[in-house]
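Residues in the sequence shown are numbered from 44 upward in steps of one, following the working numbering.
Cβ atoms here follow ideal geometry from the backbone N, Cα and C, with glycine treated the same way.
To start, the structure itself, in structure tokens.
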Amino acid sequence: MSDTSATGRQTIDSLVGEARGIRGDARAAGRILPLLDLTSLGGSESEADIDRLCRKAVAHAVAAVCIHDRHLPQARGLLAGSDVALATVIAFPDGGDDILKAADDSAAAVADGADEIDVVAPLDAALSGDIELAGELVESCRAAVGPDVRIKLILETGRLADGALITAVARSAVMAGVDFLKTSTGRIPVGATLEAAALLLAVIQEAEGRVGLKLSGGVRTTDDAAAYLHLADRVMGEEWVTRDRLRFGASGLLDDLLARR
């Protein structure tokens, strides 16, 4: 793991500034492609849309497909025999304080074939000062789905906005055993930012790299993704960057990656 410390404000600013200058090349595109969570969460997807999405995911060996829960049974069949994981969203997109419902919905999703759960943090609670509810949400979902299902907590960093608050919620989730910290739902104007990613990577570094990071919301081009890849390399070390630790949630990124390879 890299010796770079991302805990200081000056260091974070320096790393973010460095990452802004990165442009994606063929090597970056090749590294990013297997980290992709190919996503379709528009809400109006047809069976044909899901079929195309899953076949594309298998053909290009991406990390996962992320879809609404009603499409899980169909997608499970389409992904059978592949290494592509199946993810869905819970409490999406607004989050909520009903952690028992989130846990029940997570269990139902797993019964329908989900391997991974992307659950939105209780944002109103966090903004009102209840930081620990995020950790309680993770614990409830874990109890509902068991140890083998990957849980990603969506922090909606563009809404939490304050760096100290983002860090506190992330730490609560990490202490509760979350598998991934995810920046955004992609449903509000401010999605993933390099600043938020650096804050989350600092928390992950504190946890000795046991937790992953998923970037989503506004990551549309190879150049966009390459900046985050560089940031992760600098903070955590290139050996940390695998599909078990870094993901990109996007719908339009795939075509640009294929064009750059």
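Close-in-space but distant-in-sequence residues of the same chain around residue i (CB under 7 Å, 5 per side omitted)
{"i": "residue 44", "result": "Bear in mind that a pLDDT of 41 at residue 44, under 50, signals an unreliable position, so the number given afterwards is only what the model happens to contain. Here the set comprises 252, 279, 280, 283."}
{"i": "residue 66", "result": "266, 269"}
Under 8 Å between C-beta atoms of residue i and residue j
{"i": "residue 80", "j": "residue 118", "result": "no"}
{"i": "residue 237", "j": "residue 289", "result": "no"}
{"i": "residue 112", "j": "residue 169", "result": "no"}
{"i": "residue 126", "j": "residue 102", "result": "no"}
{"i": "residue 181", "j": "residue 203", "result": "no"}
{"i": "residue 131", "j": "residue 121", "result": "no"}
Residue from the options with nearest C-alpha to residue i
{"i": "residue 128", "options": "296, 301, 287, 298", "result": "287"}
{"i": "residue 292", "options": "191, 100, 153, 114", "result": "100"}
{"i": "residue 199", "options": "139, 191, 87", "result": "139"}
{"i": "residue 55", "options": "298, 242, 124, 248", "result": "242"}
{"i": "residue 277", "options": "264, 209, 115, 240", "result": "240"}
{"i": "residue 134", "options": "78, 123, 298, 150", "result": "150"}
{"i": "residue 178", "options": "296, 207, 219", "result": "219"}
As assigned by DSSP and simplified to three states, the class of residue i
{"i": "residue 153", "result": "helix"}
{"i": "residue 89", "result": "coil"}
{"i": "residue 290", "result": "strand"}
{"i": "residue 259", "result": "strand"}
{"i": "residue 193", "result": "strand"}
{"i": "residue 167", "result": "helix"}
{"i": "residue 58", "result": "helix"}
{"i": "residue 212", "result": "helix"}
{"i": "residue 183", "result": "helix"}
{"i": "residue 188", "result": "helix"}
{"i": "residue 282", "result": "helix"}
{"i": "residue 44", "result": "In this prediction, residue 44 has a pLDDT of 41, which is less than 50 and means its spatial position is unreliable; what the coordinates show is noted afterwards. Reduced to three states, the DSSP call for residue 44 is coil."}
{"i": "residue 108", "result": "strand"}
{"i": "residue 127", "result": "coil"}
{"i": "residue 160", "result": "strand"}
{"i": "residue 63", "result": "helix"}
Contacting residues, own chain, Cβ-Cβ under 6 Å from residue i (five flanking each side not counted)
{"i": "residue 214", "result": "246"}
{"i": "residue 261", "result": "234, 235"}
{"i": "residue 62", "result": "237, 270, 273, 274"}
{"i": "residue 176", "result": "165, 168"}
Nonlocal neighbours in the same chain, by C-beta distance under 8 Å from residue i, ignoring five residues either side
{"i": "residue 250", "result": "217"}
{"i": "residue 46", "result": "For residue 46, the predicted model reports a pLDDT of 42, less than 50, meaning its position is unreliable; a value from the coordinates is still stated below. Excluding sequence neighbours, residue 46 sits near nothing in its chain."}
{"i": "residue 69", "result": "303, 304"}
### Message
Whether or not the segment 225-237 and the segment 255-273 are in contact is what I'm after, with contact meaning three or more pairs of Cβ atoms, one per stretch, closer than 8 Å; do they touch?
### Response
yes
### Task
Examine the Cβ distances between the segment 144-161 and the segment 58-74 and report whether three or more of them are shorter than 8 Å.
no
### Message
Whether or not the segment 137-151 and the segment 171-191 are in contact is what I'm after, with contact meaning three or more pairs of Cβ atoms, one per stretch, closer than 8 Å; do they touch?
### Response
yes
### Task
Determine, using beta-carbon pairs with one atom in the segment 295-304 and one in the segment 84-97, whether at least three such pairs fall under 8 Å.
Because the criterion of three Cβ pairs below 8 Å is not met, the segment 295-304 and the segment 84-97 do not touch.
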